[in-house]
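Here's the structure we're looking at; comments come further down.
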Amino acid sequence: MNNKQIAFAGVWNKYLPAIRILIKKAAAAEQVITINQSDMERAVGIKKSGYRFSIDFVNGRPDLLYSNNEIAQALISVLTEDEVIREYLSGNNYTFSFNNKYQLQIKINLTQKEVMSPDAQENAAR
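Counting along the sequence shown from 1, when you hit position 4 you're at 4 in UniProt numbering, and nothing is skipped either side.
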C-alpha cells in the first residue's frame with residue numbers, strides 16, 4: 001500500500017464497526033453510512049469532492065482490480081482483512097458504492113433463485 005492508501009485505510013478502519021453492522025442489515029434493505037468529509041480530506045491533505053466508486057464483491061472477491069482508485073483499494077483491503085466481514089462477503093454478493101456526498105451504500109445482490117419464494121422454488125424444481 002502507498003501512503004494515500006494507508007491514510008484511507010485508517011479512515012475506513014474508523015468506520016469498520018458500523019460497516020460490520022450495516023453489512024448484516026443489508027440482507028433486509030440497502031444501507032447507507034455517511035463518512036465525515038473532514039476525515040477523508042485529512043487523509044490526503046487536500047479538499048477533493050470527486051471520490052466515487054462502486055465495488056461488486058462476488059464470492060468474497062472484488063470484481064475488478066481498482067488499480068487507479070486508492071480510496072477503493074483501501075476499502076477493499078480493510079474489508080477483506082476483517083474476518084467477520086470476509087464471512088459475509090463469501091456467503092453473499094455485495095455492492096459497495098461511494099458517492100461525492102461521502103456516503104457509502106451497502107447493498108446485497110440476491111440471485112434470481114434467492115429472490116423466489118419457497119413455493120416458486122419447489123415448482124421450479126419439478
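Glycine included, C-beta positions come from ideal geometry on N, C-alpha and C.
Within 10 Å of its beta-carbon, does residue i have 16 or more other beta-carbons around it, so buried, or fewer, so exposed?
{"i": "Met40", "result": "buried"}
{"i": "Asp82", "result": "buried"}
{"i": "Ile108", "result": "buried"}
{"i": "Ile46", "result": "exposed"}
{"i": "Asn92", "result": "buried"}
{"i": "Leu65", "result": "exposed"}
{"i": "Glu30", "result": "exposed"}
First and last residue of the beta strand (DSSP E) that includes residue i?
{"i": "Lys107", "result": "Gln103 to Asn109"}
{"i": "Asn100", "result": "Counting along the chain, Asn100 falls outside any beta strand (DSSP E), and DSSP gives it neither H nor E."}
When you compare the CB positions of residue i and residue j, do they come within less than 8 Å of one another, or not?
{"i": "Tyr102", "j": "Gln37", "result": "yes"}
{"i": "Ser97", "j": "Asn59", "result": "no"}
{"i": "Ile33", "j": "Ala43", "result": "no"}
{"i": "Ala72", "j": "Ala9", "result": "no"}
{"i": "Tyr88", "j": "Ile35", "result": "no"}
{"i": "Tyr51", "j": "Asn3", "result": "no"}
{"i": "Asp56", "j": "Thr95", "result": "yes"}
{"i": "Ile106", "j": "Ala26", "result": "yes"}
What is the residue span of the alpha helix (DSSP H) that residue i lies within?
{"i": "Asn92", "result": "Where Asn92 is concerned, there is no enclosing alpha helix (DSSP H), given that its DSSP letter is neither H nor E."}
{"i": "Ala9", "result": "Asn3 to Lys25"}
State the CB to CB distance for the pair residue i and residue j, rounded to an integer number of angstroms; the pair is presumed to be in contact (CB under 8 Å).
{"i": "Phe12", "j": "Val84", "result": "Residue identity differs from the one stated: residue 12 is Trp in this sequence, not Phe. Wrong, their Cβ atoms sit about 15 Å apart, outside the cutoff."}
Is residue i near the ligand FAD, in the sense that its beta carbon is under 7 Å from a heavy atom of that ligand?
{"i": "Arg61", "result": "With respect to the ligand FAD, the structure shown offers nothing to examine, as it has no ligands at all."}
Q. At which residue ranges does the segment 33–89 contain complete beta strand (DSSP E) runs of 3 or more residues, listed in the order of the chain?
A. 53–58
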